[in-house]
Each structure stands twice: as structure tokens, then as C-alpha cells.
Amino acid sequence: MSVAASARPVSPAAGPGVGPLLRAWRERRRLSQLELALRADSSARHISFIETGRSRPSEEMVLRLAERLQVPVRERNALLLAAGYAPRYAETPLDDPALEGVRDGLERLIRGYEPYPALVVDAGYTVVAANRGIELLLAGVPEKLLSPAPNAMRLTLHPEGLAPRIRNLRQWRGHLLAQMEREIALHRSDRLRALYEEVAAYPVPEAEPGAEPAEPVPYFALPLRVEHAGRVLSFVSSISTFNTPMDITVAELAIETFLPADRATADHLRALAG
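Taking this note's numbering, the leading residue of the sequence shown gets 372, the next gets one more, and so forth.
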């Protein structure tokens, strides 16, 4: 779906206007009007006038403030509409021909990471691409969790998913829930909130047998320790996003890669890959 990028003013959307919205984002970021003004090359007086509706910001100023406030791309369109301007950012379906280069690049990226696991998720943690390393870890997970659109959080925390095989489930679950809480605070997504409430309600075993490795390993980040084929594999994860995206769909994609946290895990995966 394409969105016009004209700077021509349009009728403002019904609502409180752009001022209160910008103030809410500023308060969420715990910035004073002066701090925001310094970051945006403006003045505290002008920021105050914008927030109270005494001054109508230009389209360029709305976008500059949104950038300094780290407003998600989807929400920047809402700010522009509230200020009386046309949306700037398109939301193109991932299967649209216009994003063929993005899809191909992502596929090459995660395939190149093999034999280590890697996947791509959207803003709701729906898996849109995964490599053979992920498929290996998901062996034995029931089909109902894998189709039609697998969700990374469900796959990990569902009692019929990876959860029974995760040897530090309580720690990893806490990490994932905290990550979702940060995303909810940032994006204010009802869809994400519903997913959080669902996975947070999944039962957690009272004890985790074999939660600690036989020999202590100096991990540099919280590892995911998951059993596979009688072994416990250890990974640390890294999440990457696109820099300065101009499309909502692309902005909301995240590539998660799992790096072996010890030599035994790396050797085992390379052996499986032949």
C-alpha cells in the first residue's frame, strides 16, 4: 500500500492535535522541554508553544522532533496527520514486488549464518523467515505451533514448544517478557499486549532439572540453554533492525541471530551440518 509523501497540509485527524501527542512522547522519554529543544535545534519556548497548541509546527519540525524522541515510524504518520500533514511512510506488504530486494537480502543473510540459528520476525513476533538452524531446534514441536504463521514467543514459551527443553526457562522467560514490555511501551500495540498476556500466562515448571552446566562457563550475556538430541546447547542472541527505514513494514522487521556461547555448541552444530 503506497502512501503519499506530499508536504501539502491535509485536514487534521479528529483528536487532541499534535501538541499533546508530542508532549506524551517527550514525557515518555523523560525529557524536559529544554532538553528536547537542544536536541532539535529549537527553543524551549517554541516546544512549549507547540505542545500547548499556540504554534503549529512545520512538517519538517514534526519529523525532527519525532526523530529526536525516537518515535516509531508507524507513530510518525499519526503525528503528521494530527499536525495536518499527509503521512510520509508507506506500509508495503512484505510479499509486494517492491520489497523483493529486502526479502532476498534477508534470506541470504540468515542462510549465510548457518549452521547457527537465525530468524526474522515482524512487530508481533510472527516469524517471516528462518534458516535451517532454527528448524533444527524446532524439531519435535507440534504442527499447530508451526502453522499457518508461527510466532516466536509462542514457539519459545508454550508448554508444547521449546519451553520443556529450555534448561534456564525462568531466566529466559523473564528476559523475553521484559523485552515485550519494552516494545509495548514503545509501540502501544493492542496486538502485542494480547500476545504478552497470553504467553505470560503459560505455566512454568516449579523446578528446572539440569539448569546449570556441569562446568561453569564465563558467559558474556544471558545464554539460551536448550536441550537437543541429548545435549544442552548454549546460545546468546543478537537482534538487528534496519537503519533509517522509510517503510513501516521494513521498520518493524527484526533479525535475531543465535551465536554459540561455547565451543561444544559450535562443534555440535557444525557436525550436524556435515
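Yeah, the Cβ is synthetic: ideal placement off N, Cα and C, and Gly gets one too.
Q) Roughly how far, in whole angstroms, is the beta-carbon of S605 from the beta-carbon of P594, given that I think they are within contact range, below 8 Å? A) Counting from one through the sequence shown, the residue named residue 605 turns up at place 234. Counting from one through the sequence shown, the residue named residue 594 turns up at place 223. Right, the Cβ-Cβ distance comes to about 4 Å (below 8 Å), so this counts as a contact.
Q. Closer than 7 Å, CB to CB, is R416 near chain B or not?
A. Note that chain B does not occur in the displayed structure, where there is just one protein chain.
Q: Would you mind reading off the limits of the alpha helix (DSSP H) that contains P391?
A: Residue numbering aside, residue 391 sits at position 20 when the sequence shown is read from its first letter. P391 -> alpha helix (DSSP H) spans V389 to R399.
Q.
So, with DSSP's three-state summary, where would you put R602?
A. As a first step, residue 602 is located in the sequence shown; it is residue number 231 there, counting from the start. Correct three-state label for R602: strand.
Q. Which residue from E422, A637 and N539 puts its Cα closest to that of A454?
A. Here the question's residue 454 lines up with position 83 in the sequence shown. Per the Cα distances, E422.
Q: Hey, could you find the ends of the alpha helix (DSSP H) I481 is sitting in?
A: Along the sequence shown, read from residue 1 onward, the residue named residue 481 stands at position 110. Run containing I481: E471 to G483, per the alpha helix (DSSP H) assignment.
Q. Cα separation between M524 and H546?
A. Mapped onto the sequence shown, residue 524 falls at position 153. Mapped onto the sequence shown, residue 546 falls at position 175. Each residue's Cα considered, the two are about 11 Å apart.
Q | Enclosing beta strand (DSSP E) for F420 [first to last residue] | A | Residue 420 sits at position 49 when you count from the first residue of the sequence shown. From DSSP, F420 is part of no beta strand (DSSP E) but of the alpha helix (DSSP H) over A415 to T423.
Q. Does the count of Cβ pairs from the region 491–505 and the region 616–629 closer than 8 Å reach three?
A. yes
Q) To which residues of the same chain is L407 closer than 6 Å at the C-beta, ignoring the five residues directly before and after it? A) Locating residue 407 in the sequence shown gives position 36, where the first residue counts as 1. For L407, where only same-chain residues beyond five positions count, the Cβ hits under 6 Å are R397 and I418.
Q: In angstroms with no decimal places, state the Cα-to-Cα distance between R400 and L643.
A: The sequence position of residue 400 within the sequence shown is 29, counting from 1. The sequence position of residue 643 within the sequence shown is 272, counting from 1. Straight-line Cα distance between these residues: approximately 46 Å.
Q) Which residues bound the alpha helix (DSSP H) around L548? A) Residue mapping note: residue 548 aligns to position 177 of the sequence shown, counting from 1. Start and end: L540 to H558.
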